[in-house]
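Per our numbering, the sequence shown starts with residue 21, numbered consecutively.
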Amino acid sequence: MFDERVAVAKYGTAAERDPMIKRGKCSSPDKDLSKASFLFMVLGFGYLFPYHALAQPVDYWHLLFPTFDVDFEISWAYNIASVTTLFFIVWVSGKQWYTGRIVGGFATQVLVLTILPVSYLVLTSERENLVMVLGCTVIVSVATSFLDSSVFSMANLFPPGAGIESVQLGMGFSMVVTSFYRMTTKAFFPANAIVEATMLYFLVGAVTVGCGIVAYFALLSLPLTRTSLTRATQDVVRLSLVRKIWRQELLVTITYASSLAAWPGVVSVIPSYQFPALNTSGWWSLYLLATYAVCELAGRYLVRFRCGVNAKTMYRLVLPRVLFVPLAMCCAKGVFSHDAVSIAVTVGAGVTSGYVGTLAIVVVNEIVDLEEQSATGMLSSLFLNVGLILGSSIGVVLATVFHM
């Protein structure tokens with residue numbers, strides 16, 4: 021039986037352990053809900069931005085690596101490092117230090133997004149570029165894992181609508197904005213200036229991610245933040261909590277595995293059958309990735325319409341959407357050889373990824389006690405990323421078997 025007084029005496033609250041949080045001033049927290057919701061959306065947008073940034077410039081990756089599709093390797097390397105780091109965070113170093121992990125994570129992401137495009141000017145061989153790209157991917161992944169566990173853990177402590185839903189919506193915005201950034205920078209330069217467009221893309225992305233640090237300190241200044249973190253007595257994961265929610269967390273894993281099995285790898289190699297010139301220019305894959313991103317964001321927004329779905333009935337949405345993986349494969353391999361079908365599958369996969377993925381995480385938080393919410397956030401982050409690594413691994417296998 022969980023004893024809150026014992027936990028506070030042993031670990032202290034999150035506010036007591038983080039000196040930056042102690043500086044908060046007390047006043048009425050209710051008026052801060054809308055501010056907290058916006059700031060959590062910025063945090064969700066910022067911390068996942070680098071991963072989406074790595075997935076978008078497919079034309080640049082094709083220029084660097086003309087003999088193979090590096091998208092699958094990037095996705096796989098990212099998620100291997102992410103799950104390994106999250107496992108360490110959850111089971112070995114579960115106590116939260118929000119300021120150190122969040123600020124340090126964002127700072128590392130900004131540094132990598134600045135160094136990666138500049139490396140093109142120094143490195144000459146395909147092998148050197150591959151080591152650099154995958155190395156930067158791993159570093160970004162580790163930084164994002166610290167951000168992921170801390171942001172999810174922190175957001176779970178806030179009232180409904182101000183925390184985890186806003187983080188998820190921000191994650192959706194990050195995918196849309198990275199698509200917009202890539203298409204804008206590509207259109208700004210001549211068709212043969214792929215390198216220049218990509219450098220601008222990554223540098224603008226670095227500035228964007230830096231906004232996450234500003235948002236975090238703004239969040240700390242809200243009275244609602246101190247009120248919420250003061251009751252965060254359990255931020256260490258216990259086996260009793262795992263036994264309580266593992267079924268719901270497994271659905272989170274399945275949802276994100278089915279999403280990553282199709283995106284970005286399979287979606288990015290679906291050709292245009294009616295407008296082949298778009299394949300040569302690289303615009304078609306960008307169009308599909310942008311379409312997926314917009315639809316995924318729309319799905320996250322639609323989570324407010326629950327339609328009676330709860331933790332017990334969540335599987336009814338999770339299992340059917342697995343079918344989008346073979347449907348996307350059929351589009352990529354020409355079984356469905358019409359662009360309208362490719363767009364329809366991309367739209368369906370995007371909307372269901374955003375809606376089902378967000379809702380699967382929200383319902384987990386509804387079946388735990390108040391003092392378990394912080395630890396539940398860390399577990400949800402771990403199971404989500406396990407799904408990502410399974411999905412990206414499936415994507416690599418599909419690419420190898422079907423020669424994509």
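Think of the CB as a built atom: it goes at the ideal place given N, C-alpha and C, for glycine as much as any other residue.
All figures in this text were calculated on a predicted structure; none of them were measured in a lab.
In the DSSP assignment, the alpha helix (DSSP H) including residue i goes from what residue to what residue?
i    : result
C156 : E146 to A175
S292 : Per DSSP, S292 belongs to no alpha helix (DSSP H) and is neither H nor E.
T366 : D359 to N385
V286 : G285 to S288
H82  : V78 to L84
G125 : Y118 to V138
K206 : I184 to F208
G225 : I214 to L240
M61  : L53 to A75
C350 : F344 to A352
R320 : W303 to Y321
F403 : Q393 to V421
L244 : P243 to T250
V262 : L259 to A282
L337 : Y335 to V338
Using 10 angstroms around the beta-carbon of residue i, count the other beta-carbons present and answer buried if the total reaches 16, otherwise exposed.
i    : result
R324 : exposed
P284 : buried
T204 : exposed
N385 : buried
C327 : exposed
K45  : Note on K45: pLDDT 47, under 50, position unreliable in the model; the coordinate value appears next. Exposed, by the Cβ-count rule.
H358 : exposed
K332 : exposed
L240 : buried
A352 : buried
P77  : buried
L177 : buried
V421 : exposed
H423 : exposed
D52  : buried
Q294 : exposed
L379 : buried
D389 : exposed
I414 : buried
A449 : The structure shown does not extend to residue 449, since the chain spans only 21 to 424, so no value can be given for it.
V110 : buried
E185 : buried
P137 : buried
R147 : exposed
V90  : buried
A419 : buried
V355 : exposed
A211 : exposed
R263 : exposed
T144 : exposed
A281 : buried
A297 : exposed
L408 : buried
R341 : buried
Just confirm the distance between the C-beta atoms of residue i and residue j, as a whole number of angstroms; I'd bet it's less than 8 Å.
i    : j    : result
V224 : Y201 : 6 Å
Y312 : G411 : About 14 Å; that fails the 8 Å criterion.
F172 : S400 : 6 Å
V130 : A226 : 5 Å
G183 : F88  : In fact, because the Cβ distance is near 41 Å, the residues do not count as touching under 8 Å.
S18  : R246 : In the structure displayed, the chain extends from 21 to 424; residue 18 sits before or after that span and is not available.
A101 : V151 : Not a contact, Cβ separation roughly 15 Å.
G181 : G64  : About 14 Å; that fails the 8 Å criterion.
T273 : V406 : 5 Å
A73  : L133 : 7 Å
L309 : V289 : About 11 Å separates the two Cβ atoms, so there is no contact after all.
G374 : G319 : 3 Å
V338 : V376 : 6 Å
A75  : T157 : Their Cβ separation, rounded to whole angstroms, is 10 Å, which puts A75 and T157 out of contact at 8 Å.
G230 : F126 : 7 Å
K55  : L242 : 6 Å
A233 : V123 : Checking the sequence, you will find Ile at residue 233 rather than Ala. I233 to V123, Cβ: 6 Å. Contact.
G66  : A235 : 7 Å
V187 : L317 : With 8 Å as the limit, V187 and L317 do not qualify as a contact, their Cβ atoms being about 13 Å apart.
V345 : S248 : That belief does not hold up - the Cβ atoms of V345 and S248 are roughly 38 Å apart, past 8 Å.
**Message:** If we require 4 or more residues per run, which alpha helix (DSSP H) segments fall completely within the segment 87-116?
**Reply:** Taking 4 residues as the shortest admissible run, the segment 87-116 contains the following complete alpha helix (DSSP H) segments, listed from N- to C-terminal end: 91-111.
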